[in-house]
Each structure stands twice: as C-alpha cells, then as structure tokens.
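Asks: So for the sequence shown, this note's numbering puts the first residue at 34; every next one is plus one.
I'd like to ask some things about the structure below.
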Amino acid sequence: MKVALLDYGAGNVRSVINALRALGAEVRPVKRPEDILSAERLVFPGVGNFGSIMRALNEKGFVEPLREYLRQNRPFLGICLGLQVLFEGSEEAPGVAGLSVFPGFVRRFRVSLSVPHIGWNGIKPAKPSRLFRGLSGEEKFYFVHSYYVDPADPALALTRTDYGLEFVSAVESGNIVALQFHPEKSGPAGLKILENFLSREGEAVLPPRILEKTQLAKRIIACLDVRSDDEGRLVVTKGLQYDVREGGRVRDMGAPVELAHLYFQEGADEITFLNITGFRHFPLKDQPMLEVLRRTSERVFVPLTIGGGIRDFTDRDGRSYSALEVASAYFRAGADKVSIGSDAVYIVEDYLRRGGASGNSSIETISRVYGRQAVVISIDPKRRYVKSPSETEHPVIETEIPGPNGERYCWFQCTVKGGREARDVDAVTLARVCEELGAGEILLNSIDRDGTNLGYDLELIQAVSEAVSIPVIASSGAGSPEHFYEVFTRTRAEAALAAGIFHRREVEIPALKRYLREKGIEVRLA
C-alpha cells in the first residue's frame with residue numbers, strides 16, 4: 034500500500050515513516066503541492082508550533098491542495114498538530130488561521146496539572162471506528178501537547194481523554210481521522226492504530242471496555258550514557274558520580290541500539306541517550322551518534338531523547354552552527370526531544386546578568402520552531418550546606434540529611450561540564466528561568482546520588498517540582514523498586530529515570546512496573 038507523508042520540514046517524522054514501513058507501507062514524502070491530490074492515503078504528522086506549521090504550509094503552497102483533498106473525504110490521518118490545524122485557529126498563535134476544515138478552536142490547558150501534558154494516557158471511545166479493531170480499550174497512548182481541540186460539533190469526537198478536564202483526543206469524519214496522541218510513539222497499541230488506518234477494512238467497532246476516566250501514567254525512562262570506549266566503539270557506560278572508568282577502562286554496559294530495543298520490548302516508556310563522547314564537540318559531524326538514533330528509531334516506537342552538545346558552536350574548520358541546526362539534525366535522525374545541559378546554565382547566567390531573555394538562546398529558538406515539548410533541561414546540581422539561610426542568596430531548604438558539620442540547611446548548586454565545574458546558579462532558579470524561556474520538561478539529576486543506589490534525592494526533586502509548572506523527571510540514585518515508589522508518592526515527579534540498575538539487570542522494567550501497579554501507582558503495562 035502507498036502512503037503520502039506530508040513533511041513540512043519540522044520535527045521528527047522519521048519515526049512515523051519507520052512505523053508505517055514496519056507495517057508494510059510504501060511511504061512517499063510530499064514534495065510538491067500536486068503530490069497531495071495524487072495521494073492514495075495521506076498522513077500528516079504535525080510537530081511544533083501552530084503558527085510555524087501554518088506559515089510553512091502556506092509557503093510551500095500546500096494549504097489549498099490539502100483543503101481540497103479533505104473536502105473530497107479521502108483517507109487522511111493527522112497526528113498532533115496534524116489534528117489541530119484542521120480547525121479554525123489556536124490560542125497558541127492568535128490571528129493565524131487554521132485550515133478551517135472543521136468548526137472549532139484550539140485551546141491551551143488551564144489546569145492545576147503540569148503543562149505540557151506529557152506521557153501515556155488512555156482514551157475513551159465516543160463512537161465505533163475501524164481504528165479500534167484489536168484494541169481492548171485499556172491501552173495507553175503517548176501524548177505531548179499544551180493545547181487541545183474544542184470542536185463546535187460534538188459528533189466529530191472519536192475519543193476523549195481526561196487531564197484536569199475532559200478533552201477531545203481524536204476526531205473522525207468519514208475517511209478523515211486525526212489524533213492528538215502519537216501512534217508512532219505508542220508501542221504495539223499505536224502500531225495497531227496505524228495498521229487499522231492502513232487497512233481501512235472491516236466494520237467499525239467499539240473496544241470491549243470503555244473507561245469511565247483515563248489516568249496519566251507515571252513514566253519509567255531508561256537512560257543510556259553513550260561514549261566511545263578505549264577502542265573507539267560507541268558503548269553504553271555508567272559512572273559513579275559521573276566517573277565512567279573502572280580499572281582505568283571505560284565501563285562497557287552494552288551496545289546502544291540493542292540495549293534501547295531491549296528496554297522498548299520490556300516496556301520502557303521512553304529512552305534517553307546522553308551523548309558523552311568526544312564527538313559532541315562536533316555535533317553535525319557526529320555520524321556515529323546520529324546513526325545510533327537512526328537505527329534505534331527503526332526498532333523502538335516510544336519517545337527518544339538525545340542530550341549532549343546541543344548548543345551554538347564553531348567547529349575546527351571555522352564553520353559556525355546554531356543550536357537550532359544541531360537540534361534539527363538530531364530530530365531528522367529520529368529524536369523526539371533534545372536535552373540541554375551545560376548550555377542551559379550559561380543561558381540562565383546571561384538572563385540574570387541582563388535582567389531578561391536575549392530572544393536567541395538555544396532554549397528559545399528550538400522551542401519556537403519545534404514547540405516547548407521538544408526541549409528538556411538537564412540539571413546536574415550538588416548540595417551546598419549552610420548553617421543558616423542568611424549565608425546565601427540562593428533558595429534554601431531545611432534538610433533531613435544534615436551536612437558534614439551538622440548543617441540543617443542546604444541549597445542545590447548547578448554544575449557544568451559533566452559535573453566538573455560548579456557555577457553560582459541554583460537548580461530552583463535555573464528551572465524557573467528555563468520554563469519561562471520555553472522549556473517543556475526538567476530532567477533533574479543529583480551528582481551526590483549518582484551511581485550510589487541510595488535512592489533519589491527527594492528534597493531536591495520536590496523543591497524544583499514545586500517551583501515550576503512543567504513536568505519533572507527524577508534521576509540519579511535509584512537502587513530498588515522501592516525507590517521508584519518513594520519518588521512517585523513523596524514528590525510531584527511525573528517520571529523516573531534510571532540507568533545502571535537496568536543495565537546490570539538488578540531491576541528489570543517489567544518487574545518494576547508490576548510492583549508499582551500492585552502498590553497503586555498508575556503505570557503503563559506493555
């Protein structure tokens with residue numbers, strides 16, 4: 034079967050292509066306006082910002098052919114912004130007209146929960162559809178968005194989902210179907226949705242079970258620190274407080290692509306690659322890491338995050354690259370999000386010096402084009418103990434873990450260069466400013482806990498999660514299933530990341546999720 038894929042030039046479409054090809058489809062990218070009207074089936078995986086996507090569609094001359102294709106009620110699958118642009122406009126881009134295929138508007142979440150809505154949530158079917166064939170109704174799908182559609186015609190709704198309010202998470206009208214969630218990133222259940230769209234055979238059905246209310250799952254993220262070993266091969270490694278050598282050699286925990294695929298099969302909700310190789314100094318020439326992403330996205334159908342070297346830089350040949358160019362290369366290779374570490378500290382230092390945003394930082398430029406959900410800020414802080422809050426201008430907590438001299442107070446000092454250099458910025462301020470600049474998620478590491486198996490630094494996680502309204506990922510220190518339960522019940526963290534315990538098979542993801550489910554934590558079971 035042939036599928037035309039409308040790629041307007043932003044975001045990760047490689048995963049959609051790989052998912053469709055895995056199902057036997059022949060995928061042909063839309064290159065010219067006439068390619069739209071000649072398509073047998075059209076898939077539109079919109080990613081990024083409503084204003085940016087409409088501007089790109091108009092510049093490429095795609096708007097009128099796309100409207101005509103939809104007026105003819107031909108097979109169409111919209112994903113994420115590919116759903117939102119079907120409506121009249123969006124609060125994300127006031128004054129920018131959508132395709133106006135359906136009456137209604139796109140609204141921002143105004144809820145007490147973290148925004149963006151990121152993670153695995155359920156769907157409640159509102160009417161029968163071929164898309165539901167083979168589904169039980171209990172599946173979870175991957176969402177990542179700050180805006181939702183509000184159709185004027187309730188009959189358009191195919192599914193609804195709960196997140197502080199009940200919103201329409203998919204629409205269907207004739208042969209036109211569009212989803213807020215990402216089927217290409219939703220594991221086997223998402224692939225089933227895509228398979229049903231491609232076949233377009235059989236009767237419309239309802240799943241055996243329809244949920245009364247959906248719940249966002251807590252995410253379990255497998256982290257793979259990737260660097261070159263002593264023979265120059267890319268390997269997954271793991272350190273103790275960021276030291277990855279043992280007996281003078283780099284610890285080799287396995288091959289990146291194979292480990293990522295194993296964790297996908299076991300039910301990891303996301304995979305994060307942290308590129309700590311020497312290649313990160315030349316990201317656009319970083320062919321080994323780009324190839325890892327490309328190969329992984331062919332076999333792993335959950336979100337992929339990549340961190341390391343995403344910043345403005347000039348290579349040894351004197352050519353300058355922007356952080357946006359670097360991020361774009363990673364997105365084209367298969368990444369869904371980029372993680373910014375040391376550069377975020379420098380950006381916040383500049384923000385504090387000038388008293389506001391520059392408008393051209395990596396956080397701002399990437400989020401403007403790809404949306405804030407594509408930008409993760411990776412913070413690497415250390416505890417700094419003080420006898421009294423008056424000793425520092427940084428936000429201080431009263432700690433249950435006294436300092437070496439019995440100090441009862443501490444603050445969390447940010448570091449750069451893999452934890453080797455401390456800066457006069459604290460984690461709470463960094464997270465707040467990065468959210469203001471456009472970040473969509475915080476990955477919160479703890480140098481004090483890294484590789485110790487002592488559990489997450491709950492005080493650090495809670496201090497930062499209370500300071501921001503975007504999701505926080507807990508990282509560093511997990512040594513047992515109990516540590517995951519602890520972080521989910523004692524802090525506001527929405528996800529927990531681990532590395533060494535998964536690599537060493539001390540804790541396996543299926544057993545961890547069963548334990549959490551038995552303890553009453555909402556998780557996605559593969």
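Positions of the beta carbon are idealized from the N, C-alpha and C atoms, including for glycine.
Does the Cβ of Ala-360 have 16 or more other Cβ atoms within 10 Å, making it buried, or fewer, making it exposed?
Replies: It is buried - the Cβ of Ala-360 has at least 16 other Cβ atoms within 10 Å.
Asks: Three Cβ pairs or more, each shorter than 8 Å: is that satisfied between the region 342-349 and the region 325-332?
Replies: In short, these stretches do not touch, since the Cβ pair count stays below three.
Asks: By the DSSP assignment, the beta strand (DSSP E) with Tyr-175 in it spans what residues?
Replies: 173-178 is the extent of the beta strand (DSSP E) around Tyr-175.
Asks: May I ask you to verify whether the region 398-409 touches the region 435-447, counting CB pairs closer than 8 Å and requiring at least 3?
Replies: Touching, no, given that fewer than three Cβ pairs across the two stretches are closer than 8 Å.
Asks: When burial is assigned at 16 or more other CB atoms within 10 Å of the CB, is Thr-305 buried or exposed?
Replies: With 16 or more Cβ atoms within 10 Å of its Cβ, Thr-305 is classed as buried.
Asks: Can you give me the C-alpha to C-alpha distance between Gly-573 and Met-87, rounded to a whole angstrom?
Replies: A question about residue 573 goes unanswered here, because the residues of the chain that appear run from 34 up to 559.
Asks: Check whether the region 429-439 touches the region 370-390, counting contact only when three or more Cβ pairs, one atom from each stretch, lie closer than 8 Å.
Replies: Cβ pair count under 8 Å is below three, so no.
Asks: For Arg-140, which of Phe-364, Leu-191 and Leu-116 has the nearest alpha-carbon?
Replies: Arg-140 has its Cα closest to that of Leu-116, out of Phe-364, Leu-191 and Leu-116.
Asks: Since Gly-170 and Ile-243 are thought to touch, with beta carbons under 8 Å apart, how far apart are those beta carbons, to the nearest angstrom?
Replies: Confirmed, Cβ separation roughly 6 Å.
Asks: When you compare only the Cα positions, how much space is there between Val-118 and Leu-90?
Replies: If you take the alpha carbons of Val-118 and Leu-90, they lie about 10 Å apart.
Asks: Could you have a look at Ser-202 and say whether DSSP puts it in helix, strand or coil?
Replies: Ser-202: strand per DSSP, three-state reduction.
Asks: Alpha carbon to alpha carbon, how far is Lys-370 from Gly-439?
Replies: Near 41 Å, if we compare the C-alpha coordinates of Gly-439 and Lys-370.
Asks: Can we count Glu-541 as close to the ligand SAM, meaning its CB is less than 8 Å from some heavy atom?
Replies: No copy of the ligand SAM appears in this structure; indeed no ligand is present at all.
Asks: In the DSSP assignment, the beta strand (DSSP E) including Ala-529 goes from what residue to what residue?
Replies: Looking at the DSSP string, the run of the beta strand (DSSP E) that includes Ala-529 is 528-531.
Asks: Leaving aside the five residues before and after Glu-234 along the sequence, list all residues of the same chain whose C-beta is less than 8 Å from its C-beta, in chain order.
Replies: Counting only Cβ-Cβ distances below 8 Å, and skipping sequence neighbours, we find Arg-163.
Asks: Quick one: complete alpha helix (DSSP H) runs, 4+ long, within the region 371-405?
Replies: Runs found: 375-387 and 395-403.
Asks: Looking only at C-alpha atoms, which of Glu-121, Phe-138, Gly-137 and Glu-125 sits nearest to Gly-131?
Replies: For Gly-131, the nearest C-alpha among the options comes from Glu-121.
Asks: CA-CA distance, Gln-274 and Lys-93?
Replies: Per-residue confidence for Gln-274 stands at a pLDDT of 49, beneath the threshold of 50, marking its modelled position as unreliable; the derived number appears in the next sentence. Taking the straight line joining both Cα atoms gives about 49 Å.
Asks: What distance in whole Å lies between the Cβ atoms of Phe-214 and Phe-174, which are believed to be in contact at a cut-off of 8 Å?
Replies: At roughly 4 Å, the Cβ-Cβ gap stays under 8 Å, so Phe-174 and Phe-214 are in contact.
Asks: Taking Pro-241 as the reference, which of Asp-285, Glu-205, Lys-157 and Asp-302 has the closest Cα?
Replies: That would be Lys-157, whose Cα lies nearest to the Cα of Pro-241.
Asks: May I have the straight-line CA-CA distance separating Gly-197 from Arg-352, to the nearest angstrom?
Replies: Cα to Cα, the separation comes out at about 47 Å.
Asks: What residues are listed by DSSP as bridge partners for Gln-446?
Replies: DSSP, once it has assigned bridges, lists Lys-415 and Asp-459 as partnering Gln-446.
Asks: Helix, strand or coil: how does DSSP classify Gly-137 here?
Replies: Gly-137: strand per DSSP, three-state reduction.
Asks: CA-CA distance, Ile-399 and Glu-474?
Replies: Taking the straight line from one Cα to the other gives about 13 Å.
Asks: Taking Cβ to Cβ, would you say Asn-106 is nearer than 9 Å to Gly-207?
Replies: Closer than 9 Å, so yes.
Asks: If you measure between the beta carbons of Val-49 and Val-76, is that distance less than 9 Å?
Replies: It is a contact, given that the beta carbons lie within the stated cut-off.
Asks: Can you confirm whether Asp-459, when its beta carbon is compared against all beta carbons of chain C, has any partner nearer than 9 Å?
Replies: In summary, chain C is missing from the structure at hand, where a single protein chain is found.
Asks: Report the option in Ala-496, Arg-332, Val-458 and Leu-56 whose CA atom is closest to the CA atom of Phe-230.
Replies: Among Ala-496, Arg-332, Val-458 and Leu-56, the Cα nearest to that of Phe-230 is on Leu-56.
Asks: Counting along the chain, where does the beta strand (DSSP E) carrying Val-76 start and finish?
Replies: Start and end: 75-79.
Asks: Which residues in the same chain as Glu-331 place their Cβ atom closer than 6 Å to its Cβ, once the five residues preceding and following it in sequence are excluded?
Replies: Correct list, in chain order: Asn-51.
Asks: Which value, in whole angstroms, describes the spacing of the CA atoms of Asp-490 and Glu-468?
Replies: If you take the alpha carbons of Asp-490 and Glu-468, they lie about 21 Å apart.
Asks: Would Ala-528 and Pro-543 qualify as a contact pair, given that the criterion is a beta-carbon distance under 9 Å?
Replies: It is not a contact, given that the beta carbons lie outside the stated cut-off.
Asks: Taking Ala-464 as the reference, give the member of Glu-499, Thr-485, Gly-484 and Asp-483 with the closest Cα.
Replies: The shortest Cα separation from Ala-464 among Glu-499, Thr-485, Gly-484 and Asp-483 belongs to Glu-499.
Asks: For Tyr-181 and Leu-476, I'd like the C-alpha separation in whole angstroms.
Replies: Tyr-181 and Leu-476: Cα-Cα distance of roughly 25 Å.
Asks: Please report the distance separating the alpha-carbon of Ser-421 from that of Gly-436.
Replies: Looking at the two C-alpha atoms, the distance is approximately 12 Å.
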